[in-house]
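Heads up: the sequence shown begins at 1 in the working numbering, then just goes up one per residue. Think of the CB as a built atom: it goes at the ideal place given N, C-alpha and C, for glycine as much as any other residue. Computed from a prediction, not measured in an experiment: that's the story for all the values here.
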Amino acid sequence: MNPDDSPLLRQARLLLLLSVTAETAPDGVDAERLGICDFLAVHPLLLARLDGDPDRLSLRLAGFDDRAVGYASPAQRFVTAQLRLAGDLAELVGRGLVSVHPAGRIRYRLTPRGEDMADTFTAMYSQSYLAAARVVIRRTRRLSGRKLRAGLRQWLMVDADAPLHPAFPLVDEHVPDPLTDRHPVVPHPPKDLT
1 MNPDDSPLLR QARLLLLLSV TAETAPDGVD AERLGICDFL AVHPLLLARL
51 DGDPDRLSLR LAGFDDRAVG YASPAQRFVT AQLRLAGDLA ELVGRGLVSV
101 HPAGRIRYRL TPRGEDMADT FTAMYSQSYL AAARVVIRRT RRLSGRKLRA
151 GLRQWLMVDA DAPLHPAFPL VDEHVPDPLT DRHPVVPHPP KDLT
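Right under this line is the structure:
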């Protein structure tokens, strides 16, 4: 099961993220920043791509793996997540777990009831998500909306030189087509693996 397909899991993540953002943004967070930070907390290795990144090891230890198929199409996954965000926030507001505050932009923050609920999540998934959310918030909290969007565009770019996921190996240079190839196909001699 993909956690992004479950409204309850997406909404639980938003509660956890709002609990982390409350430490640095007590007035709340606008929907755009909330959506970007949630996406990056689900895919934190988009931020910590380089092997020497100081956060990479802690994220790997928290269970994140950039060989996961989810990293293959981050832009498409981001768009899908954004389409669901408004409904998830509306549901949380309707349940009295999140409040809305107009302060320039509409900002969202946890209600006391939402804080209590966020504190009850103890599953390993929630602990991994919290670890990633803290990294994401620490790295993005000082970015303006414009710089955050520019960073997102960069983080969503798939690195063409990155190693492929083992489920998608490269195909040999030429795959013979028996219907169009006029010359007999000579198989490559096996490579000596010793």
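- In this structure, the alpha-carbon of S73 lies about 25 Å from that of L143.
- Of all alpha-carbon atoms in L50, L45 and G104, the one lying nearest the alpha-carbon of G145 is that of G104.
- Out of D4, D38 and S6, the CA that lies nearest to the CA of R134 is found in D38.
- In the DSSP secondary-structure assignment, L110 is bridged to V98.
- Taking the C-beta atoms as reference points, L110 is found nearer than 8 Å to S19.
- For R49, the three-state secondary structure derived from DSSP is coil.
- If you look at L8, you'll find it in the alpha helix (DSSP H) that goes P7 to T21.
- One alpha carbon belongs to M157, the other to L92, and they sit about 31 Å apart.
- For the options D4, P7, A22 and P3, the alpha carbon positioned closest to that of S99 is the one of A22.
- With fewer than 16 other beta carbons inside 10 angstroms of its own, M124 counts as exposed.
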